[in-house]
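Take 0 as the starting number for the sequence shown in numbering that gives the first Met the number 0 and just add one per residue.
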Amino acid sequence: MALRRNILASPGRTVLLSIFFTICVGTLFLALPIAQKTYVPPLDCFFTATSATCVAGVLTVPFNSFTLFGKSIILALIQIGGLGLLTLTLFLASLFFNLGLSTQLMVGQLFEIDSWRTTRRVLLFVISFTFLCEGIAAALIYQIIKHQFPTQEAVFHAFFHSISSFNSAGLSSFGNSLINYSANIPLLSVTAFLIIAGGFGFVTWYELFMYGYSRFFTHKRFHISLTTRIVLIMSVAVIVIATLLLIVLEGPSHFYHAPWWLTCSNMLFNAIAYRSAGLTTIDIHTMQSATVFLIIMYSFIGSSPASTGSGIKITTFTLFLATIRAVMTGRTTVDLKGRRIPQDQIFKAMAILSLSFCWIIFSTFCLLLIESKASFIGVFFETVSSFTTLGLATEITPFLSPLGKLLIIVNMFIGRVGSLTLLLALKTRVDRVDFQYPEERLMIS
């Protein structure tokens with residue numbers, strides 16, 4: 000009972016354990032002979048299960064090493080990892096049972112919602128929205144590719160690509176990502192829609208749905224939160240900036256003879272995908288170093304909170320910029336869109352950014368020691384890509400040593416759980432401080 004109370008008291012610990020449990024079960028299934036076409040070592044099964052559950056989409060063995068059963072297990076892990084085992088379990092439990100107060104409080108903390116009634120509606124919306132988007136997109140993708148594959152294979156590709164894209168997994172059953180489909184605008188459009196649907200965050204879509212429903216049906220005013228406004232504004236801003244930079248950096252070399260609209264469409268798609276989805280229409284090995292570095296920075300920012308993507312999140316990056324603005328203008332508070340941000344959230348944002356940056360530096364250093372023959376940019380990209388669960392990989396991925404694979408596995412796990420969440424989950428006791436020390440200024444610069 001004490002253990003159960005301890006787990007429920009910490010949402011971070013619950014998330015951590017649910018992800019680890021899913022990875023372990025997935026590893027056991029992938030290790031079965033029925034799941035493998037050719038022999039896959041246990042460590043590679045563990046790597047694949049971690050990659051799928053953490054929606055990283057990086058593999059150390061060819062995707063076709065697995066049978067249809069094995070690929071279906073990978074697909075199930077992607078779906079569970081994107082939505083979260085905890086979300087699925089709590090949704091099913093809430094349908095048939097009255098959840099206890101401690102569980103309701105935990106779910107509220109996860110979604111940062113005060114009311115259990117609202118939380119329950121959000122859970123229902125998350126599940127409905129996910130399967131509706133994936134189902135519609137799978138039907139559209141099937142119509143687009145049905146003449147290229149046998150019927151059963153086309154159905155599998157449609158569902159796999161739909162679920163993988165929505166959950167920002169970056170894993171494509173087509174092979175070679177979407178490089179061979181750079182001229183297929185309908186497929187790129189559906190895929191981009193799926194990435195946006197999964198990457199904008201479930202709470203954001205819930206608020207937009209409730210705003211539209213209230214405006215057109217109940218005629219009651221629904222308040223759009225600051226989080227949703229920041230997500231919409233900043234997401235559009237970074238996508239537009241990334242699109243323009245990609246057009247300048249890669250347009251002339253990769254789409255020299257292509258029509259301007261095809262170039263712009265591909266760069267817009269890649270700008271959307273490089274946030275966390277990891278799909279691409281350009282071979283990463285042919286990109287300029289500046290473009291690779293752009294992808295590293297872009298994926299580090301990542302997607303939105305309560306989404307299928309990872310990274311430090313767009314809201315954390317926004318708070319970082321707002322804090323810099325406050326320092327430059329001499330303000331003692333951080334303000335956004337006419338709202339003052341609580342001090343504890345600023346501390347958390349700075350902690351997430353700092354811990355993530357420090358971990359990337361540390362793991363890059365370790366991987367350089369382990370894979371001493373690999374190039375620095377390749378190792379650095381591999382580290383950031385695994386931590387941000389981007390899904391793009393360099394040429395060193397299939398040749399990682401066992402120790403290198405274990406480091407990337409840890410990277411994917413920490414990146415998916417979150418560095419701050421991991422530290423808080425491992426903390427057994429919350430220190431309550433009822434006093435303040437005397438204040439003294441510190442020389443900074």
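Note that beta-carbon positions come from the ideal geometry of N, C-alpha and C, so glycine has one too. Given the structure is predicted, the values throughout are model-derived calculations rather than measurements.
Best match in the options for proximity to residue i [C-alpha to C-alpha]
i    : options                : result
F201 : T49, T52, N63, A305    : A305
L320 : T307, G310, I300       : I300
C44  : F65, A55, V54          : F65
L187 : L131, G211, A272, G174 : A272
L15  : V416, S172, L261       : V416
I413 : S384, E438, I395       : S384
N63  : C132, L278, S171, Q78  : S171
A51  : Q147, G308, Q344       : G308
M411 : F148, P258, L58        : L58
G134 : F386, L122, R120, V154 : V154
G403 : T387, E381, L391       : E381
I79  : I340, V54, A157        : V54
A191 : S167, R214, F173, T203 : S167
L389 : P251, G198, W259       : G198
A348 : F316, T129, E370       : F316
W260 : I184, S298, A75        : I184
S303 : F346, M296, T314, S400 : T314
L318 : Y297, M296, P341       : P341
L126 : M442, I22, Y436, A196  : In the sequence on display, residue 126 carries Ile and not Leu. Measuring from the Cα of I126, the nearest candidate turns out to be A196.
G310 : F386, H218, T322, R214 : F386
L225 : P401, V189, G337, L267 : G337
The alpha helix (DSSP H) enclosing residue i, as first and last residue numbers
i    : result
A348 : 342-369
F165 : 150-165
I184 : 184-198
N179 : From DSSP, N179 is part of no alpha helix (DSSP H); its letter is neither H nor E.
S234 : 225-253
P41  : 41-52
T382 : 375-386
F319 : 313-327
F208 : 201-212
Y273 : Taken as a continuous stretch (DSSP letters only), Y273 belongs to no alpha helix (DSSP H), as it is neither H nor E.
M296 : 288-300
V409 : 401-416
Residues bridged to residue i (per DSSP)
i    : result
L335 : R338
F65  : Q35
Beta carbon proximity, residue i to chain D, threshold 8 angstroms
i    : result
V291 : Annotation note: the requested chain D is absent from the structure, which comprises a single protein chain.
*At a cut of 8 angstroms, does the region 233-241 reach the region 352-363 through at least three beta carbon pairs?*
The region 352-363 and the region 233-241 do not touch, with fewer than three beta-carbon pairs separated by less than 8 angstroms.
Say whether the region 208-215 touches the region 278-288, bearing in mind that this needs 3 or more beta-carbon pairs closer than 8 angstroms, one atom from each stretch.
The region 208-215 vs the region 278-288: no contact.
Check whether the region 323-332 touches the region 362-378, taking contact to mean three or more Cβ pairs, one atom from each stretch, closer than 8 angstroms. Contact between the region 323-332 and the region 362-378 is absent, because fewer than three Cβ pairs lie under 8 angstroms.
- Is the region 12-27 in contact with the region 374-384, if contact means three or more CB pairs nearer than 8 angstroms? Counting Cβ pairs under 8 angstroms, fewer than three are found: no touch.
Review point. Contact between the region 28-41 and the region 126-144: three or more CB pairs below 8 angstroms?
Key: The region 28-41 vs the region 126-144: no contact.
Contact between the region 150-166 and the region 230-238: three or more CB pairs below 8 angstroms? Touching, no, given that fewer than three Cβ pairs across the two stretches are closer than 8 angstroms.
At least 3 beta-carbon pairs within less than 8 angstroms: the region 25-37 vs the region 66-78: Touching, yes, given that three or more Cβ pairs across the two stretches are closer than 8 angstroms.
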